[in-house]
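Undergrad: Take this structure first; my questions come after.
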């Protein structure tokens, strides 16, 4: 007969399992396709990676302004739409791009196959507004997908639903076509009926030719795109590849830049906070996309985030149980700036020493603060100290949880600890091994995933 402690433990495990399953089932094809669910194996593999490279790139780098958004504002439309005729990135090297991501400790890569400006980075049979019409004349997606496979980096593709260049897309003010500003919803819907087959044709090319693990949509916030269209597009993509992951921007459920929403109503497999770290959430899968500088596309003399800022962004994201998709913008000649590469290598150096606390891991149990975030797997909790807390770190612990030992991850130095009255006290050296972030590994008497969120 089971003793009471074992009964309680089994109940906790069952509740945790059911909560995880329920959260997973709340995402998928939306209310129109309740039986079309997120592929859990794909989702878990993606969450295990935790860190990816986002790439925004295209002919606009010839002007150094923002991709898509500068069309008609900073760069006249007649100029912007002809930039592809000068675009000749002869120093583009897929091997170097992927190697840079790998050396940074990134596990996947997502590139803008087509941004809001409508230009395609691949050999699209649906359009002549693509890489094959440039002086360069080579398929960038093909080169990148092949190199990612060689170097063991998961390949994903961004695709904008909005297309301010295509004649059938009922564009907004960014394309300065006022005839569409006051168009009725019926007229916009009619125009979308002509545009959607074009979009689906391009997506079919992408999925069949490059086999992306992730399809990262954007541009869903414009009024011509509807909730019903989003659910149908999700179903269409899953029909081409049921294993592919699709972000929540395929549908209308994002609700602003925070972008965490995943529910039974809206289609999508994960949330997409933009330019901010998502809120601590161990039930909804999410990924923050953040730039290494201030602009998504390359900008001359852009102010870059420091190595410390980048590492803290990563750790706060993973500690909140999310992924970080860090964006770089290659230059007009195809190279990633050397100063961006240096920053990424410095992040990678830290990850090579502390990677066990970041990859194949879950966030928590401690809710992130400005000075500490935590991650967990197996019977271990990893405490990431973003600032020196002093000679002693005091943490609350649930009843029945025992810490067997504590050590500094990089040096393997054992730390003295005391546990009493629901608190754990860890003695720390006057100087921690890393000025940016040091990691303390705690070994528990039980699986760390059983613990609920602990407030400090």
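In my numbering, the protein residues as written are 7 to 462. The C-beta atom is built at its ideal place from N, Cα and C for all residues, glycine as well. Small disclaimer: the values here were computed from a predicted structure and weren't measured.
(1) Looking at residue 219: is its Cβ nearer than 8 Å to the Cβ of residue 62?
(2) Less than 7 Å between C-beta atoms, sequence neighbours within five positions excluded: which residues of the same chain meet that for residue 185?
(3) Taking only three categories from DSSP, how would you classify residue 68?
(4) Can you find a C-beta in chain B that's less than 8 Å from the C-beta of residue 73?
(5) Quick check on the DSSP output: the beta strand (DSSP E) that includes residue 413 runs from which residue to which?
(6) Just to confirm, is the Cβ distance from residue 49 to residue 221 under 8 Å?
(7) Short check: CB of residue 160 to CB of residue 55, under 8 Å?
(8) Once DSSP output is grouped into helix, strand and coil, what is the label at residue 38?
(9) Identify every residue that forms a DSSP beta bridge with residue 390.
(10) Roughly how far, in whole angstroms, is the beta-carbon of residue 123 from the beta-carbon of residue 74, given that I think they are within contact range, below 8 Å?
(11) Let me know the beta strand (DSSP E) ranges lying completely inside the region 63-120, each 3 residues or longer, listed in chain order.
(12) By alpha-carbon positions, which one of 94, 47 and 177 ends up nearest to residue 140?
(13) Is residue 254 helix, strand or coil by DSSP?
(14) Could you give the C-beta distance for residue 58 and residue 112, rounded to a whole number, given that I count them as a contact under 8 Å?
(15) Report the CB separation of residue 399 from residue 428 in whole angstroms; it is logged as a contact under 8 Å.
(16) Rounded to whole angstroms, what is the Cα-Cα separation between residue 232 and residue 258?
(17) In this structure, what does DSSP give as the bridge partners for residue 59?
(18) Whose CA, out of 311, 393 and 382, lies closest to the CA of residue 448?
(19) What are the start and end residues of the alpha helix (DSSP H) that includes residue 286?
(20) Is the CB-CB distance between residue 387 and residue 454 below 8 Å?
(21) Taking all protein chains shown into account, decide if residue 442 is buried (16 or more other Cβ within 10 angstroms of its Cβ) or exposed.
(22) Count the other CB atoms, across all protein chains shown, that sit within 10 Å of the CB of residue 397; report buried if there are 16 or more and exposed otherwise.
(23) Where does residue 220 sit, in a helix, a strand or coil, going by DSSP?
(24) Just the Cα atoms here: how many angstroms apart are residue 368 and residue 312?
(25) Check this for me: beta carbons of residue 408 and residue 450, under 8 Å apart or not?
(26) Report yes or no: do three or more beta-carbon pairs, one from the region 371-381 and one from the region 314-327, lie closer than 8 Å?
(27) So, residue 421 versus residue 431, is the Cβ gap smaller than 8 Å?
(28) I'd like to confirm the pairing. Which residues does DSSP put opposite residue 421 in its beta bridges?
(29) Taking the beta strand (DSSP E) that residue 429 falls in, what are its first and last residues?
(30) Helix, strand or coil for residue 363? Go by DSSP, reduced to three states.
(31) Give the range of the alpha helix (DSSP H) segment to which residue 240 is assigned.
(32) Work out the CA separation of residue 228 and residue 175 for me, nearest whole Å.
(33) So, residue 97 versus residue 128, is the Cβ gap smaller than 8 Å?
(34) Identify, in the order they occur along the chain, each residue of the same chain with its Cβ nearer than 6 Å to the Cβ of residue 272, setting aside the five sequence neighbours on each side.
(35) Please classify residue 338 as buried or exposed, where buried requires at least 16 other C-beta atoms within 10 Å of its C-beta.
(36) Confirm, please, whether the CB-CB distance from residue 38 to residue 266 is below 8 Å.
TA: Looking at the atomic coordinates:
(1) What you label residue 219 is simply residue 213 of the chain shown in a count that begins at 1. What you label residue 62 is simply residue 56 of the chain shown in a count that begins at 1. For residue 219 and residue 62, no; Cβs fall outside 8 Å.
(2) Your numbering for residue 185 matches position 179 in the chain shown. Low confidence applies to residue 185: its pLDDT is 47, below 50, so where it sits in the model is not reliable enough to give any reading.
(3) The residue you call residue 68 lines up with position 62 of the chain shown. Here residue 68 sits in helix by DSSP.
(4) No chain B is present in this structure, which holds just one protein chain.
(5) Here residue 413 refers to the residue found at position 407 when the chain shown is read from its first residue. That run of the beta strand (DSSP E) goes 409-414.
(6) The residue labelled residue 49 in the question sits at position 43 within the chain shown. The residue labelled residue 221 in the question sits at position 215 within the chain shown. Taking 8 Å as the Cβ cut-off, residue 49 and residue 221 do not qualify as a contacting pair.
(7) Taking the first residue of the chain shown as position 1, residue 160 is located at position 154. Taking the first residue of the chain shown as position 1, residue 55 is located at position 49. Yes. Within cutoff.
(8) If you number the chain shown from 1, residue 38 lands on position 32. Residue 38: coil per DSSP, three-state reduction.
(9) On the chain shown, residue 390 is found 384 positions in, with the first residue counted as 1. Partner(s): 379 and 445.
(10) Residue 123 sits at position 117 when you count from the first residue of the chain shown. Residue 74 sits at position 68 when you count from the first residue of the chain shown. In this structure residue 123 touches residue 74 by the C-beta definition: roughly 5 Å separates them, less than 8 Å.
(11) 114-120
(12) Counted from its first residue, the chain shown places residue 140 at position 134. Residue 94 is the option with its Cα nearest to residue 140.
(13) Indexing the chain shown from 1 puts residue 254 at position 248. For residue 254, the three-state secondary structure derived from DSSP is helix.
(14) The residue labelled residue 58 in the question sits at position 52 within the chain shown. The residue labelled residue 112 in the question sits at position 106 within the chain shown. Yes, residue 58 and residue 112 are in contact; Cβ-Cβ is about 5 Å, under 8 Å.
(15) As a first step, residue 399 is located in the chain shown; it is residue number 393 there, counting from the start. As a first step, residue 428 is located in the chain shown; it is residue number 422 there, counting from the start. In this structure residue 399 is not in contact with residue 428, their Cβ atoms being roughly 15 Å apart against a cut-off of 8 Å.
(16) By one-based count along the chain shown, residue 232 stands at place 226. By one-based count along the chain shown, residue 258 stands at place 252. Cα to Cα, residue 232 sits roughly 7 Å from residue 258.
(17) Along the chain shown, one-based indexing puts residue 59 at 53. BP columns for residue 59 point to 115 and 332.
(18) Within the chain shown, the letter at position 442 stands for residue 448. Ranking 311, 393 and 382 by Cα distance to residue 448 puts 382 first.
(19) The residue given as residue 286 occupies position 280 in the chain shown. No alpha helix (DSSP H) contains residue 286, which DSSP labels as neither H nor E.
(20) On the chain shown, position 381 is the one that residue 387 refers to. On the chain shown, position 448 is the one that residue 454 refers to. Going by C-beta atoms, residue 387 is nearer than 8 Å to residue 454.
(21) Counted from its first residue, the chain shown places residue 442 at position 436. When all chains shown are included, residue 442 counts as buried.
(22) The residue you call residue 397 lines up with position 391 of the chain shown. Under this definition residue 397 is an exposed residue.
(23) As a position in the chain shown, residue 220 is number 214, starting the count at 1. Strand at residue 220.
(24) Here residue 368 refers to the residue found at position 362 when the chain shown is read from its first residue. Here residue 312 refers to the residue found at position 306 when the chain shown is read from its first residue. Answer to the nearest angstrom: the Cα atoms are 26 Å apart.
(25) Taking the chain shown and counting its residues from 1, one reaches residue 408 at position 402. Taking the chain shown and counting its residues from 1, one reaches residue 450 at position 444. If you check the CB distance, residue 408 and residue 450 come in under 8 Å.
(26) yes
(27) On the chain shown, residue 421 is found 415 positions in, with the first residue counted as 1. On the chain shown, residue 431 is found 425 positions in, with the first residue counted as 1. Annotated as distal: residue 421 and residue 431, with beta-carbon spacing of 8 Å or more.
(28) In the chain shown, residue 421 corresponds to position 415, counting from 1. Residue pairing from DSSP places residue 421 in a beta bridge opposite 412.
(29) For the purposes of this step, residue 429 is identified with residue 423 of the chain shown, where counting begins at 1. Element bounds for residue 429: 429-433.
(30) Reading the chain shown from its first residue, position 357 is the one you call residue 363. DSSP places residue 363 in the helix class (H, G or I) of the three-state scheme.
(31) For the purposes of this step, residue 240 is taken as residue 234 along the chain shown, with counting starting at 1. That run of the alpha helix (DSSP H) goes 233-246.
(32) Start at 1 with the first residue of the chain shown, and residue 175 comes out as number 169. Start at 1 with the first residue of the chain shown, and residue 228 comes out as number 222. One C-alpha to the other measures close to 11 Å.
(33) The residue given as residue 97 occupies position 91 in the chain shown. The residue given as residue 128 occupies position 122 in the chain shown. No, these two residues do not count as a Cβ contact at 8 Å.
(34) In the chain shown, counting from the first residue as 1, residue 272 sits at position 266. When the five nearest sequence neighbours on each side are left out, the beta carbons in the same chain lying within less than 6 Å of the beta carbon of residue 272 are those of 36, 257 and 259, in order along the chain.
(35) Position 332 of the chain shown, counted from the start, is the residue given in the question as residue 338. So residue 338 ends up on the buried side.
(36) Numbered from 1 along the chain shown, position 260 holds the residue referred to as residue 266. Numbered from 1 along the chain shown, position 32 holds the residue referred to as residue 38. No. Outside cutoff.
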